[in-house]
Amino acid sequence: MNIFRLAGDMTHLASVLVLLLKIHTIKSCAGVSLKTQELYVIVFATRYLDIFTSFVSIYNSLMKLIFLGSSFSIVWYMRYHKAVHRTYDREQDTFRHWFLMLPCILLALLIHEKFTFFEVMWTFSLYLEAVAILPQLVLLQRTRNIDNLTGQYIFLLGGYRGFYILNWIYRYFTEPHYVHWITWISGLVQTLLYADFFYYYFLSWKNNKKLQLPA
Amino acid sequence: LVTEPGHDEL
Numbered sequence: 555m556n557i558f559r560l561a562g563d564m565t566h567l568a569s570v571l572v573l574l575l576k577i578h579t580i581k582s583c584a585g586v587s588l589k590t591q592e593l594y595v596i597v598f599a600t601r602y603l604d605i606f607t608s609f610v611s612i613y614n615s616l617m618k619l620i621f622l623g624s625s626f627s628i629v630w631y632m633r634y635h636k637a638v639h640r641t642y643d644r645e646q647d648t649f650r651h652w653f654l655m656l657p658c659i660l661l662a663l664l665i666h667e668k669f670t671f672f673e674v675m676w677t678f679s680l681y682l683e684a685v686a687i688l689p690q691l692v693l694l695q696r697t698r699n700i701d702n703l704t705g706q707y708i709f710l711l712g713g714y715r716g717f718y719i720l721n722w723i724y725r726y727f728t729e730p731h732y733v734h735w736i737t738w739i740s741g742l743v744q745t746l747l748y749a750d751f752f753y754y755y756f757l758s759w760k761n762n763k764k765l766q767l768p769a
Numbered sequence: 005l006v007t008e009p010g011h012d013e014l
């Protein structure tokens with residue numbers, strides 16, 4: 555464990571807590587894409603299949619349970635909780651996210667580190683996570699007024715993988731034979747997808763204006 | 005309990 559990875563995990567945890575806070579306290583999921591949340595459920599479900607077979611540390615297992623539990627409960631809230639579901643803008647959240655899964659599974663079957671079920675599923679979850687934010691970013695461009703909590707949620711979600719990139723650089727230089735091109739490239743693509751969001755988020759923070767993405 | 009090399013990250 556290094557500080558970059560810990561910072562990444564804490565940022566990721568913060569993003570999930572911000573979203574749960576928004577949904578649970580003000581009972582609103584306005585501006586939040588259910589499609590992105592559903593993709594994240596699949597990302598965690600396929601990423602943590604080995605939660606019962608491979609033990610790394612208490613911390614690792616605990617965080618896996620937190621990410622699994624929170625992502626499932628966010629989808630449950632947005633689908634089945636009456637008050638929250640009412641605030642979900644279904645007409646705007648129309649990204650065909652199931653179509654995102656197909657290329658990811660095909661790519662995972664083609665490019666992976668080992669051709670085993672666990673490894674292909676793990677690689678699939680990496681590719682899927684890289685594009686999981688797309689429905690949310692598309693919804694953001696359609697939603698005129700983005701509330702602060704949603705903006706903070708996306709900012710933290712994008713930031714966590716940025717810290718992971720620093721962690722991979724650190725581990726590359728400190729651990730011999732630590733090379734994981736698949737993880738690195740999909741992590742880089744994932745972070746680059748947030749580039750324009752980060753730019754407009756920074757502008758809104760600098761000019762102290764509401765965050766607005768150009769349509 | 006087997007630990008996959010490289011899968012020690014979340």
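First to last, the sequence lines map onto chains F and X.
So the first sequence is numbered by our numbering: it starts at 555 and just counts up by one.
So the second sequence is numbered by our numbering: it starts at 5 and just counts up by one.
Even for Gly, the Cβ is constructed at its ideal location relative to N, Cα and C.
Sub-8 Å separation of residue i and residue j beta-carbons
i             : j             : result
residue 632/F : residue 591/F : yes
residue 583/F : residue 642/F : yes
residue 628/F : residue 574/F : yes
residue 674/F : residue 682/F : no
residue 12/X  : residue 692/F : no
residue 680/F : residue 736/F : yes
residue 754/F : residue 709/F : no
With 16 other Cβ atoms within 10 Å as the buried cut-off, status of residue i
i             : result
residue 587/F : buried
residue 671/F : exposed
residue 559/F : buried
residue 563/F : buried
residue 6/X   : At residue 6/X the pLDDT is 48, less than 50, meaning the model places this residue with poor confidence and gives no usable figure here.
residue 589/F : buried
residue 750/F : exposed
residue 607/F : exposed
residue 556/F : exposed
residue 566/F : buried
residue 572/F : buried
For residue i, the nearest candidate out of the options (CA to CA)
i             : options                    : result
residue 667/F : 572/F, 676/F, 621/F        : 676/F
residue 568/F : 712/F, 610/F, 734/F, 742/F : 712/F
residue 659/F : 605/F, 613/F, 600/F, 625/F : 600/F
residue 636/F : 577/F, 604/F, 760/F, 561/F : 577/F
residue 640/F : 566/F, 581/F, 701/F        : 581/F
residue 626/F : 614/F, 678/F, 570/F        : 570/F
residue 743/F : 763/F, 760/F, 718/F        : 718/F
residue 624/F : 644/F, 612/F, 597/F, 645/F : 597/F
ask   = Are three or more beta carbon pairs between the stretch 636-653 of chain F and the stretch 684-693 of chain F nearer than 8 Å?
value = yes
request  = Indicate whether the contact test is met: 3 or more Cβ pairs, each with one atom in the stretch 695-703 of chain F and one in the stretch 755-769 of chain F, closer than 8 Å.
outcome  = yes
inquiry  = When you compare the stretch 712-726 of chain F with the stretch 592-604 of chain F, are there three or more beta-carbon pairs, one atom per stretch, that lie closer than 8 Å?
reply    = no
key: Positions along the stretch 639-663 of chain F whose CB lies within less than 8 Å of some CB in chain X   = none
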